[in-house]
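Numbering (the numbering used here), first residue to last: 7 to 305.
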């Protein structure tokens, strides 16, 4: 992964880099900074197997004065031989779900595409790691495709799960997923794991967070990047692989996927793109015994 020149677009939530011959950019949909960064205890709860005492101790060891999550929404743009592609699209403008103080902080993806010189070009493809609202709403607000000429892609298990009348997911997750599926309509295509869905872009099994949760592996001219989606939400999870969030629909499987992908990234020195880490969400994973640490790549 080749780094950009210092200062290039970083203050505007745009981080350009290359993976071999692939021109890429992380375009931020926003970030929940202090004082609006959410508490760690909302992400890692006793109900998901994380005792609050353990959580506080882990945060203290890292020297976090504020036990919070700096939650980013890092959308990834990639130039492929089949055209410009977007991986995940953020929350879209005017998102009301996190409260009036947070609404202005997110939904910036479309505007930043224009700043990056990309908005005037229609994406050829929109790829979803999964169909949670914070990954899809930027593609479907206000109720219709934001990129009407783009092909959209999600895992077949993802489409089947959210569309099933017997879907057991909470209504606040299932409702937005169904709205995205319906808004994208015939333009939404299913893929399986291990598929080269676009040139130099291959799908990687990462199920657990949702049934069809997918990582994407970019590979060109001997360079690679693993786009990990919601495999982890905070660097603390790399040191505590069993920690789950309330949004992991299959907790045990999410833990297995996290370990497998982190094993891969550490063993092969794969640069990783993490959707929810602080902008730009790029870094390297290092193994430390049975756990891992995150080494961010900063613009």
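We put the beta carbon where it would ideally sit given N, CA and C, even for glycine. Predicted model, so just to flag it, every value in this text is computed and none were measured.
Other residues of its chain near residue 310: CB distance less than 8 Å, five sequence neighbours each side excluded: One cannot answer for residue 310 here, as it falls past the ends of the chain, which runs 7 to 305.
contact_flag[the segment 88–96, the segment 135–149] where n(CB pairs < 8 Å) is 3 or more: Yes: the two stretches touch, three or more of their Cβ pairs being nearer than 8 Å.
Sub-9 Å separation of residue 222 and residue 133 beta-carbons: Here residue 222 corresponds to residue number 216 of the chain shown, with the count starting at 1. Here residue 133 corresponds to residue number 127 of the chain shown, with the count starting at 1. For residue 222 and residue 133, yes; Cβs fall inside 9 Å.
For residue 302, the residue or residues it bridges with in DSSP: As a first step, residue 302 must be located in the chain shown, where it is residue number 296. Answer by DSSP bridge pairing, in chain order: 289.
Where the beta strand (DSSP E) through residue 91 begins and ends: Here residue 91 is taken as the residue at index 85 of the chain shown, counted from 1. Run containing residue 91: 89–93, per the beta strand (DSSP E) assignment.
Same chain, Cβ closer than 8 Å to residue 264, neighbours up to 5 away in sequence not counted: Taking the first residue of the chain shown as position 1, residue 264 is located at position 258. For residue 264, the CB contacts under 8 Å within the same chain, skipping 5 residues up- and downstream, are 214, 237, 238, 243, 247 in chain order.
Three-state secondary structure assigned by DSSP to residue 230: Taking the chain shown and counting its residues from 1, one reaches residue 230 at position 224. Residue state, collapsed to three classes: strand.
Where residue 109 sits in the DSSP three-state scheme: For this step, residue 109 is matched to residue 103 along the chain shown. When DSSP states are grouped into helix, strand and coil, residue 109 belongs to the helix group.
Beta-carbon proximity list for residue 173, same chain, < 8 Å, skipping 5 on both sides: Stepping through the chain shown from its first residue, residue 173 is reached at position 167. Correct list, in chain order: 167, 180.
At least three beta-carbon pairs within less than 8 Å, the segment 106–121 to the segment 57–69: Taking 8 Å as the limit for Cβ pairs, the verdict is that the segment 57–69 does not touch the segment 106–121.
Beta-carbon contacts of residue 153 that lie in its chain and below 8 Å, excluding the five residues immediately before and after: Along the chain shown, read from residue 1 onward, the residue named residue 153 stands at position 147. Here the set comprises 92, 128, 129, 132, 145.
Cβ distance (whole Å) where residue 18 is taken to contact residue 121 below 8 Å: Taking the chain shown and counting its residues from 1, the one referred to as residue 18 is at position 12. Taking the chain shown and counting its residues from 1, the one referred to as residue 121 is at position 115. Contact holds; Cβ gap of about 6 Å.
Buried versus exposed, by CB contacts within 10 Å (16 or more), residue 139: By one-based count along the chain shown, residue 139 stands at place 133. Classification of residue 139: buried, given that the 10 Å Cβ count is 16 or more.
Option in 282, 48, 84 with minimal Cα separation from residue 74: Taking the chain shown and counting its residues from 1, one reaches residue 74 at position 68. A check of alpha carbon separations from residue 74 across 282, 48, 84 identifies 48 as the nearest.
N- and C-terminal bounds of the alpha helix (DSSP H) containing residue 62: For the purposes of this step, residue 62 is taken as the residue at position 56 of the chain shown. Segment 58–67, the alpha helix (DSSP H) holding residue 62.
Nonlocal neighbours in the same chain, by C-beta distance under 8 Å from residue 212, ignoring five residues either side: What you label residue 212 is simply residue 206 of the chain shown in a count that begins at 1. Counting only Cβ-Cβ distances below 8 Å, and skipping sequence neighbours, we find 135, 219, 220, 221, 234, 235, 237, 263, 267.
Residue interval of the alpha helix (DSSP H) (run including residue 201): Translated into the one-based positions of the chain shown, residue 201 becomes position 195. Where residue 201 is concerned, there is no enclosing alpha helix (DSSP H), given that its DSSP letter is neither H nor E.
Environment of residue 217 [buried if 16+ CB atoms lie within 10 Å]: Start at 1 with the first residue of the chain shown, and residue 217 comes out as number 211. Under this definition residue 217 is a buried residue.
As assigned by DSSP and simplified to three states, the class of residue 262: Position 256 of the chain shown, counted from the start, is the residue given in the question as residue 262. The DSSP-derived three-state label of residue 262 is helix.
Per-residue DSSP class, three states only, for residue 146: Numbered from its first residue, the chain shown carries residue 146 at position 140. Here residue 146 sits in helix by DSSP.
Buried/exposed call for residue 114, threshold 16 Cβ in 10 Å: Locating residue 114 in the chain shown gives position 108, where the first residue counts as 1. Buried, by the Cβ-count rule.
3 or more residues per run - each beta strand (DSSP E) lying fully within the segment 143–188: 157–161
Integer Cβ distance of residue 151 from residue 190, believed to fall under 8 Å: Taking the chain shown and counting its residues from 1, one reaches residue 151 at position 145. Taking the chain shown and counting its residues from 1, one reaches residue 190 at position 184. Right, their Cβ atoms sit about 6 Å apart.
Cβ pair residue 232, residue 302 closer than 9 Å: Along the chain shown, read from residue 1 onward, the residue named residue 232 stands at position 226. Along the chain shown, read from residue 1 onward, the residue named residue 302 stands at position 296. No, these two residues do not count as a Cβ contact at 9 Å.
Separation of residue 85 from residue 51, as counted between CA atoms: What you label residue 51 is simply residue 45 of the chain shown in a count that begins at 1. What you label residue 85 is simply residue 79 of the chain shown in a count that begins at 1. Approximately 39 Å between the Cα atoms of the pair.
Three-way DSSP call (helix, strand, coil) for residue 131 in this model: The count along the chain shown starts at 1 and reaches residue 131 at position 125. In this structure, residue 131 counts as strand in the three-state DSSP scheme.
Nearest to residue 46 (by Cα), restricted to the options 285, 240, 258: In the chain shown, the residue the question calls residue 46 occupies position 40. The candidate whose alpha carbon is nearest that of residue 46 is 240.
Residue 296 versus 203, 272, 186, residue with shortest Cα-Cα distance: Residue 296 sits at position 290 when you count from the first residue of the chain shown. For residue 296, the nearest C-alpha among the options comes from 272.
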